[in-house]
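Read through the structure below, which is laid out as C-alpha cells, and then see the notes.
Residue numbers (the working numbering): 305 to 460.
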C-alpha cells in the first residue's frame, strides 16, 4: 500500500488543509520509493536530491547561497556538501571571483543520476495516471496551476 486515500465522502468533516497535509508526505515518498525501485537508483535523501536539483539548474553556486535557496542552516548545507562530495555527487571548485572561496558544482555522475530519476519518475507517474479514470486525470490536471501557485505562496 503506497499512500492513504483521501476520503472524498467526508470532505466537509476534514478541512482541505488537513487532507492536503496528510497526502503530501505519503505521495512524495511513494513517488520516490517506486521511482528508485524501478530504476535501481540509490536511496538519496530528499535533501540531497533538492541540492542536486538546485546545482543542476545553475553553473556554480556558493554554499551560502545554496543554504539560502533551500532555506536550511549553514551547518546543514555543510553536512550535505561533505556527504555528497564523498559520494562523488558534488564538486567544490575555486571561485573565479574570490580565490579563498569555493563554489559548488553538480558532478557528471550527479547530473546523470538526476536525469535517470526524472525519466523514471515521469514514466512511473504516466503509468500510474493511466490507471485512473479519465475524469480523475482531468481533475488532477486542472489542479496543477493551483498547486503551482500554492508552492509560490509557501516559498515566500
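Yeah, the Cβ is synthetic: ideal placement off N, Cα and C, and Gly gets one too.
Beta carbon proximity, residue i to chain B, threshold 7 Å
i: residue 325; result: Among the chains in the structure shown there is no chain B, since it carries only a single protein chain.
In DSSP terms, what residue i is bridged to
i: residue 408; result: 365, 396
Distance, residue j Cα to residue i Cα
i: residue 351; j: residue 451; result: 21 Å
i: residue 459; j: residue 334; result: 23 Å
i: residue 456; j: residue 390; result: 33 Å
i: residue 425; j: residue 336; result: 8 Å
i: residue 346; j: residue 331; result: 19 Å
i: residue 363; j: residue 444; result: 34 Å
i: residue 416; j: residue 410; result: 10 Å
i: residue 358; j: residue 388; result: 14 Å
i: residue 319; j: residue 405; result: 48 Å
i: residue 392; j: residue 413; result: 7 Å
i: residue 341; j: residue 373; result: 29 Å
i: residue 461; j: residue 353; result: Summary: the structure shown does not reach residue 461, with the chain confined to residues 305 through 460, and so no result is reported for it.
i: residue 328; j: residue 403; result: 43 Å
i: residue 420; j: residue 344; result: 10 Å
i: residue 439; j: residue 356; result: 35 Å
i: residue 325; j: residue 449; result: 18 Å
i: residue 378; j: residue 397; result: 18 Å
i: residue 339; j: residue 323; result: 24 Å
i: residue 436; j: residue 367; result: 42 Å
i: residue 446; j: residue 431; result: 19 Å
Endpoints, alpha helix (DSSP H) assigned at residue i
i: residue 440; result: 438-459
Rounded distance between the beta-carbons of residue j and residue i, thought under 8 Å
i: residue 381; j: residue 394; result: Their Cβ separation, rounded to whole angstroms, is 11 Å, which puts residue 381 and residue 394 out of contact at 8 Å.
i: residue 418; j: residue 376; result: About 19 Å separates the two Cβ atoms, so there is no contact after all.
i: residue 454; j: residue 441; result: No, residue 454 and residue 441 are not in contact; Cβ-Cβ is about 20 Å, not under 8 Å.
i: residue 365; j: residue 429; result: Their Cβ separation, rounded to whole angstroms, is 28 Å, which puts residue 365 and residue 429 out of contact at 8 Å.
Only counting runs of 3 or more residues, tell me where the beta strand (DSSP E) segments fall wholly within the segment 325-394, in order along the chain. none
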